[in-house]
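Worksheet: one structure, shown below.
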Amino acid sequence: MGRLTRPLPLLDQQGGRRLPAALLERLGQGLRADLSAVRIHTDPAADRCTRLLRADAFTCGSHVFFRAGAYRPDTTAGFRLLAHEAAHVVQQARAAQSGVAPAATSEQDADRCADLLVAGRRAAGPSADPTVVRPGLTGVVQRHVSYEHRVLGDLATDDLVAISPPRAGAAATGGRRQEILDRQIRLCELWRNDPTVVTEEQIRRVCPWIRTLRLGPDQVLATYGEVNALPDYLANAPALEALDEGHLLPILQTIRQEGYNNLTRLRSGSDPQAFFARSASPPYDFEMVTRLVKWDELDELTRDLGVLREDHFRGLLARNACHFAPASWYRWETSHLIARDLARQAHATGDAALARRAWTFAGYADHFLQDSFAAGHLVNKTLIMQWFVEWAAGQDLVPVADLDVISTMTADRQPGLAGFHLYDDSYTGPSNDPQTAQELPTPEERMRASGLVLDQSDNRHAVYQKYLRFLANDAAQLSCAMAHDYYNSHSLWVASSAHPEPYEVWGDATLLTGPDGAEGIRQTSGAAQLAQASVEEIIRTGEMSVGAKDIRRHFPTMVRTEAGDLEPVAAWNTGRREFFEENIFSAFLPALQNILVRLFSPRLGVVSQDQDLAEVWGQELHRADDRPVDVVESAGRLFAGANGHAYEIEPTKGSVQAGRRVADLGLFGSHATRLATDGSTLFVGVHGRLHGLTLSDLTPRWELSLHGPNPVDRGPVNVLWDGHRLLAGYSGRVYEIDPTSPTLLHRHRLEHTLGFGGHETTLAGDGEMVFAGTPGHVYGMTSADRKARWGVDLTKVGGRPSRPVSVLWHDGRLLAGSAGHLYDIDPTTGAVLHLLALTDNAGDHPMSLSSGASTVIAAVDGRVYAVDLDDWSGARWWVDLDHDEDEEPGPVSVSLRGQRLFVGSHGHLHHLDPATGRVRNSLPLRHPVSFGDFATTITASGRFLYVGMHGHAYQVLVNN
């Protein structure tokens, strides 16, 4: 869990209610803690905050906030959730009392406590000291920290050693330690309020030795150490030179904010939780789940980076095996050698700009040098992910998305992915890590560089797509994160060619706090200083006394085993499988179940410009309440409608630009919210009414009631803008409305509409004629007609009176679909020209239609059919996409665009070959553990699809 500050100002430390006496006693005894200060929040503000975090509950100090309906302590699941959060309350209270961060395994510990309490057992032994929870909004202190990279780049080795915990018996350095920390805190504080006014001179007055650089076209000021930290956020060194202030400054401010808060905590024992102006995120501190919040904010900031958005923050996380040995060795050396070459050119020409570029590449490179000394980065990331996939396949209770797709990405079947050839000292590169491979210029090169085994009997590109889905898999990525966190919090003893005597290294969040870590800091910083000195020497003299291979000799390549022996990093990694399965994966299982159920998406999004069906972004729509979502694009702008609300969504980053409650929905009637636009007004049909909203800001312009006095008569309103007319279909009527005002121009009451109303009326048009479908019937009319010009009773030709009818106008043909039957209708007379029974078992859902030059695609109840327009003897092909016999068939949405056919069904997207019906790719947007209405609507737009589903809107990348 995590603490929250300014973005969630509604967190209330005064309100909330006490735990009932019985719960207080049960939880307090089980956790050996005084929980009388705990307050439970279930109000609308708590619901909003938990929805923002996309969690059922979260803990902040002594306060526990629940999503609406999640606080159910009288049920087993509800009590378990409460017990889990209570365990976090105790963890945070202990952290506040001791000033020491909770362990990296505190999420698993909370799950362990919850399991024991549910079973009626104590989670804390009687010998444990009781914990008293104090009231207030405190928080935990843990996450992968960029400020450590910053201080490694900006501080001398002796200074870093001085601020680390002294060895037992070593002389205290309290005064010097405080002086160093105070100076670094003052340096960070320069940027706190207005980072754009800070100058090099101000930095020199605080830290005279620090090297500064100007980055990007906007010449953003940064220290060399800050450049060291940027590779966690940006794809490569050229990105540091190319990005504008709007991207660079928020990331730098996040690093500075993090440094200020963590250094202050080291200095005083308490975290000030200071917020820095223009930081990409507030001062969260993160564990496994709450990191995802910051990922959201940084991901949105960087979502427009890359050729096809693949360089967003989550995409970098998916490809970040280059931050782990052995790939980190090559990532460092590649950029370091470029820096040396630029340094030679700078010396030869005296060009200051070339010198600046040399330092930019050197600063980027040194990040990977520093990673190569971190305990958690000596694990082989890809190998752990492969082991996890194979382990998860044998577990019934692990909700891993896409497991059927990625199950072939195991170490046995894809041995080249883990890059064991990179451990060989004689190998000169390149690395096959995902980031390095994805930087190659063509899809074929990127695919081959990955190390995939591409069996000629298989579809090579299908194997590549599975590999990309493997990289994007949240569960597999989290499995490595757990191993990473474990070793960072437990340390390793390592050795190198240059330092064969073993020494202890810690890692992320423990570099400056790990006991007896001084020698590890000295070795890490010493290698980094050596790399800096070599670049400086070349710029100054044109010569070098230390080569890249000399620096590489300092990198840890040996690890001490539990038996006390040193073995090569490669051998140490291959021998870790049983340990990971028993101590990491199995111990992680309860937390993994908890985390994955809470995640908004089970994937990290676009990880490659070659990906097909990759989620660029997903946006939960406030107050959509998991209802179906209609999406429409107009002139590069994206709009969504759901549950009586209309939204404008920024199409590149997915942020909601504007939202408007259009209608108050009662207990009766349809919540379906349908959209259309003429480019100046957004038309919204909902609950028996039609609304016109100004397109610029969604302010209401007019509304028109279409329903009668009967309260049950509040059905769906379909809206059509045919290029010059605004049309609405509702309850067996067709309306033509003035688009600028609530003026009804024409109303057509169709015949054969039975019952109390509310039955859906679908629309299509050719610019002159209007075609309408009502249950069992199709009608044609013009604006001048007082009643329908013609009507056809489909019940006489295979239709059913109660089934909805869909109509489609395409290239001079009128097509209709109902009750599993497809019709070709003469648009001038209503005569049925062709009829094809696709299925006799269709349910009550409407048929979705889309047509190309010679083919119509019809879909109903999870089945998709292709019919040649010049051959109505039968379907050319059909495919059943809903294979789950336990679920009722749902509505289907289809979109045919040239040689691309996309289908949305039950929360899944499918990319089909329109010629054969072969499923090229599928993407489940819904979570493996989720329930509700997953009607899925799709709108195609160039290289992207816009999808509405379950109260959310998505943008999805598509490729051939």
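Residues in the sequence shown are numbered from -12 upward in steps of one, following my numbering.
Just so it is clear, CB atoms sit at the ideal spot from N, CA and C, and this is done for glycine as well.
Please read all numbers here as calculations on a predicted model, not as lab measurements.
With respect to the 9 Å criterion, Gly406 and Ala314 are classified as neighbours on the basis of their beta carbons. Counting only runs of at least 3 residues, the region 881 to 935 fully encloses the following beta strand (DSSP E) elements, listed from N- to C-terminal order: 887 to 892, 895 to 899, 906 to 911, 923 to 928. Between Tyr490 and Gln519 the beta-carbon gap is near 21 Å, outside 8 Å, which marks them as no contact. By the criterion of at least three beta-carbon pairs nearer than 8 Å, the region 299 to 306 is not in contact with the region 327 to 346.
In this structure, Glu297 lies near Gln596, with their beta-carbon atoms less than 9 Å apart. The DSSP-derived three-state label of Glu635 is strand. Between Leu591 and Ala305, the gap from beta carbon to beta carbon is short of 9 Å. CA-CA distance, Ala264 to Ala345, rounds to 30 Å. Trp796 has Leu801 as its beta-bridge partners, per DSSP.
Nearest in C-alpha terms to Asn419, of all of Thr369, Ser805, Ala74, is Thr369. In this structure, Gly293 sits near Ala222, with a CB-CB distance shorter than 9 Å. Between Phe542 and Leu250, the CB-CB gap reaches or exceeds 9 Å. For Val294, there is no enclosing beta strand (DSSP E), since its DSSP letter is neither H nor E. Taking a 10 Å sphere around the C-beta of Phe655, we find fewer than 16 other C-beta atoms and assign the residue as exposed. In this structure Val945 is buried. Its beta-carbon is surrounded by 16 or more other beta-carbon atoms within 10 angstroms.
Taking the CA atoms as reference points, Ala340 sits about 16 Å from Tyr211. For Trp319, the enclosing alpha helix (DSSP H) starts and ends at 314 to 336.
Here DSSP, grouped into helix, strand and coil, assigns Thr63 to helix. Between the alpha carbons of Leu910 and Asp30 lies a distance of about 35 Å.
When the five nearest sequence neighbours on each side are left out, the beta carbons in the same chain lying within less than 8 Å of the beta carbon of Leu899 are those of Val851, Val866, Leu888, Phe889, Val890, Arg905, Val906, Arg907, in order along the chain. With respect to the C-alpha of Met834, the residue from Thr815, Val792, Thr183 having the closest C-alpha is Val792. In this structure, DSSP gives Glu432 a helical state, which the three-state scheme calls helix. By the criterion of at least three beta-carbon pairs nearer than 8 Å, the region 699 to 710 is in contact with the region 746 to 764.
Counting along the chain, no alpha helix (DSSP H) covers Ile812; the unbroken beta strand (DSSP E) around it starts and ends at 808 to 812.
Put simply, of Ala379, Ala845, Asp472, Asp700 the residue whose alpha carbon is nearest the alpha carbon of Leu365 is Asp472.
By the Cβ-count criterion, Lys783 is exposed, with fewer than 16 other Cβ atoms from all chains shown falling within 10 Å of its own Cβ.
Here Asp353 has Asn215, Ala515, Ala518 as same chain residues with Cβ atoms under 6 Å from its own Cβ, once five neighbours each way along the sequence are excluded. By the neighbour-count criterion, in which 16 or more other beta carbons inside 10 Å mark a residue as buried, Lys536 falls on the exposed side. If you compare the alpha carbons of Glu176, Pro117, Arg254 with that of Gly162, the shortest gap goes to Arg254. When the five nearest sequence neighbours on each side are left out, the beta carbons in the same chain lying within less than 8 Å of the beta carbon of Thr924 are those of Pro615, Val616, Asp617, Val618, Ser880, Gly891, Val934, Gly935, Met936, in order along the chain. Note on the region 537 to 602: whole beta strand (DSSP E) runs with a minimum of 3 residues are 545 to 547, 553 to 555, in chain order. Here Met469 has Ile571, Phe575 as same chain residues with Cβ atoms under 6 Å from its own Cβ, once five neighbours each way along the sequence are excluded. In this structure, Leu680 lies away from Arg648, with their beta-carbon atoms at least 9 Å apart. If you ignore the 5 residues before and after Ser478, its C-beta comes within less than 7 Å of the C-beta of Ala362, Glu491, Val492, Trp493, Gly501, all in its own chain and listed in chain order. The C-alpha of Leu820 lies about 6 Å from the C-alpha of Asp813.
Per DSSP, the continuous beta strand (DSSP E) segment holding Leu731 begins and ends at 731 to 736.
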